Amino acid sequence: MLINEVLKEFIFDCEIRKISPRTLKSYRNNNQRFFNYVEKEFNITELEEFSHLHIKQYFRFLIDKGLTETYANGILKCMRAFFVYCINEEYVIKNPCLKVSWQRQPKTLISTFTDLEVINMVNAFNYLTYLNARNKTITAFLVDTGARNAETCGILNNNIKDNYVLIQGKGNKERQVGLSPELKKIMMKYNRIKDFYFKDKNVKYDNYFLSNTGLPLTIETIERVVKIAGNIAGVRKEIRCSPHTIRHYFAQKQLRNKLDIYSLSRLLGHENVMITKIYLQSIKDEEIVAMSIKTSPLTSLRGGK
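Quick note on UniProt numbering: the sequence shown kicks off at 1 and runs consecutively.
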């Protein structure tokens with residue numbers, strides 16, 4: 001069976017399952033590059049001819065080119081998804097990726113915003129116009145929920161509940177994230193301004209955040225909003241002003257506020273807690289010590305002598 005034909009079928013299946021456009025692009029491009037490599041190096045075009053050795057050889061090729069272990073693991077994840085599909089369709093008996101170990105990734109220290117930078121980013125916008133109010137609410141929403149960029153674009157009006165928001169995450173998995181009183185206050189002001197701005201306009205979309213013409217926002221728009229907020233706030237040049245950096249801030253702030261890592265993992269919509277643990281690496285040892293003193297069992301019991 002021709003590899004490229006199966007890849008097209010796999011991508012079509014992903015579209016039916018409503019896999020996000022970004023994930024779909026990764027599945028298509030990363031698998032296609034691998035197939036191009038094995039065709040060129042080994043003259044392999046049939047699915048049945050693959051083995052785990054070809055995948056290992058490809059990884060050696062990538063690492064020799066200077067690509068990171070993190071990048072290689074991202075490709076392996078895409079390849080695993082493809083071969084899981086092939087097994088489910090009974091095109092192959094075994095998944096060759098299972099004999100390929102994940103690359104050992106160096107510990108990464110995630111740098112993010114300071115508290116003052118975040119305050120200044122939220123305050124970079126006012127309520128004088130619809131776009132200003134929207135941008136302020138977007139920034140505050142990202143900070144207080146840790147939502148991904150694409151998830152924020154997809155928030156609908158009926159996803160907003162009294163004290164929480166329903167977020168449609170990766171793989172169409174839905175999760176609840178709380179709305180703090182501070183965020184709700186900002187959202188209430190935005191709602192009034194939004195209703196007044198669109199009252200005489202024919203709005204066809206039910207998205208909570210809309211463009212000035214009533215269209216759903218793109219991920220590029222939200223990237224731009226965060227970048228503008230960062231510029232106005234005077235964020236340090238070494239910090240990348242992006243929605244994902246705000247997500248890093250949310251995670252680290254929640255850990256410093258003593259939220260347990262399992263609850264945080266659920267709030268972030270992570271597949272497993274191992275992904276969430278990366279954020280722990282970026283908290284300094286002295287901060288962990290200080291946090292542990294505040295949560296001391298004897299202190300909480302108030303009975304130790």
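Glycine residues also receive a C-beta, built at the ideal position from the N, C-alpha and C atoms. Note that the coordinates shown come from a computational prediction; the quantities given were computed from them, not determined experimentally.
Open item on the list: As a quick exercise: from Asn43, Gly146, Glu151 and Lys204, pick the residue whose alpha carbon is nearest that of Leu179.
Closed with: It is Gly146.
Open item on the list: Just to check my reading of the structure: Asn149 and Pro243 have Cβ atoms closer than 8 Å, yes? What is that Cβ distance to the nearest angstrom?
Closed with: About 4 Å separates the CB atoms of Asn149 and Pro243; that is less than 8 Å, so the two are in contact.
Task: Spatial distance of Val143 from Lys99 (CA atoms) - done: Roughly 40 Å separates the two Cα atoms.
- [ ] Check whether the Cβ atoms of Lys18 and Asn159 sit closer than 8 Å, and answer yes or no.
- [x] No, the pair does not count as a contact, with Cβ atoms beyond the cut-off.
- [ ] Compute the Euclidean distance between the alpha carbons of Ala251 and Gly66, then round it to the nearest angstrom.
- [x] Spanning the two alpha carbons is a distance of roughly 30 Å.
Open item on the list: I need the DSSP call for Val165, collapsed to helix, strand or coil.
Closed with: Looking at Val165 - three-state DSSP - the assignment turns out to be strand.
- [ ] Consider the C-beta atom of Ile246 and the heavy atoms of the ligand MN; say whether any pair is separated by less than 7 Å.
- [x] In terms of ligand content, the structure shown is empty, and the ligand MN therefore cannot be addressed.
Task: For Pro216, the residue or residues it bridges with in DSSP - done: Looking at the DSSP assignment, Pro216 forms a beta bridge with Leu210.
Open item on the list: For Ser51, count the other beta carbons within 10 Å of its own beta carbon; 16 or more makes it buried, fewer makes it exposed. Which is it?
Closed with: Looking at its Cβ environment, which holds fewer than 16 other Cβ atoms inside 10 Å, Ser51 is exposed.
- [ ] Give a yes or no on whether the C-beta atoms belonging to Asn126 and Asp206 are separated by under 8 Å.
- [x] Contact: no.
Open item on the list: On the CB-based measure, 16 or more other CB atoms within 10 Å of its CB, does Glu12 come out buried or exposed?
Closed with: In the sequence as displayed, the identity of residue 12 is Phe instead of Glu. By the Cβ-count criterion, Phe12 is exposed, with fewer than 16 other Cβ atoms from all chains shown falling within 10 Å of its own Cβ.
TODO: Could you pull the start and end residues of the beta strand (DSSP E) that Glu238 belongs to?
DONE: Here Glu238 belongs to no beta strand (DSSP E), and DSSP marks it neither H nor E.
Task: N-terminal and C-terminal residue of the beta strand (DSSP E) that Asn174 is part of - done: As written in the sequence, residue 174 is Glu, which differs from the Asn given in the question. Secondary structure note for Glu174: its beta strand (DSSP E) is the uninterrupted segment Glu174 to Gly178.
- [ ] Taking all protein chains shown into account, decide if Thr218 is buried (16 or more other Cβ within 10 angstroms of its Cβ) or exposed.
- [x] Thr218 is exposed by the Cβ-count criterion.
- [ ] Within its chain, find whatever has a CB closer than 8 Å to the CB of Lys201; leave out the 5 residues flanking it on each side and keep chain order.
- [x] Excluding sequence neighbours, Lys201 sits near Gly214.
TODO: Determine the contact status of Tyr27 and Phe83, defining contact as a CB-CB distance below 8 Å.
DONE: Their beta carbons are not under 8 Å apart, which means Tyr27 does not touch Phe83 by this criterion.
- [ ] Whole angstroms is fine: what's the gap from Val226's alpha carbon to Lys277's?
- [x] Using only the alpha carbons, I get a separation of about 25 Å.
Task: Between the CA atoms of Lys161 and residue 312 - distance to the nearest angstrom - done: With the chain covering only 1 through 305, there is no way to say anything about residue 312.
Open item on the list: Could you tell me the alpha carbon to alpha carbon distance between Ile232 and Tyr164, rounded to whole angstroms?
Closed with: Ile232 and Tyr164: Cα-Cα distance of roughly 29 Å.
Task: Where Arg17 falls: helix, strand or coil (DSSP) - done: The answer is coil: DSSP assigns Arg17 none of H, G, I, E or B.
- [ ] Look at Pro96 and Ile63 and say whether their C-beta atoms are less than 8 Å apart.
- [x] For Pro96 and Ile63, no; Cβs fall outside 8 Å.
Task: Span separating the alpha-carbon of Gly230 from that of Ala140 - done: Straight-line Cα distance between these residues: approximately 13 Å.
Open item on the list: For Val122 and Tyr130, I'd like the C-alpha separation in whole angstroms.
Closed with: Each residue's alpha carbon lies about 15 Å from the other.
Open item on the list: Helix, strand or coil, according to DSSP, for Ile160 in the structure here?
Closed with: Ile160: strand per DSSP, three-state reduction.
Task: Ser265 to Val273 span [Cα, whole Å] - done: Counting only the Cα atoms, Val273 lies some 6 Å from Ser265.
Task: Cβ-Cβ distance between Phe59 and Tyr37 below 8 Å - done: Contact flag unset, no.
Open item on the list: If you reduce the DSSP assignment to three classes, tell me which class Glu271 lands in.
Closed with: The answer is coil: DSSP assigns Glu271 none of H, G, I, E or B.
TODO: Please state whether DSSP places Lys69 in a helix, a strand or coil.
DONE: Residue identity differs from the one stated: residue 69 is Glu in this sequence, not Lys. Under the three-state reduction of DSSP output, Glu69 falls in the helix class.
Open item on the list: Applying the 10 Å Cβ sphere with the 16-neighbour rule, what's the burial state of Leu298?
Closed with: Low per-residue confidence applies at Leu298: pLDDT is 48, beneath 50, and the placement is therefore not dependable, though the value from the model is reported in the following sentence. Within a 10 Å sphere around the beta-carbon of Leu298 sit fewer than 16 other beta-carbons, which makes this residue exposed.
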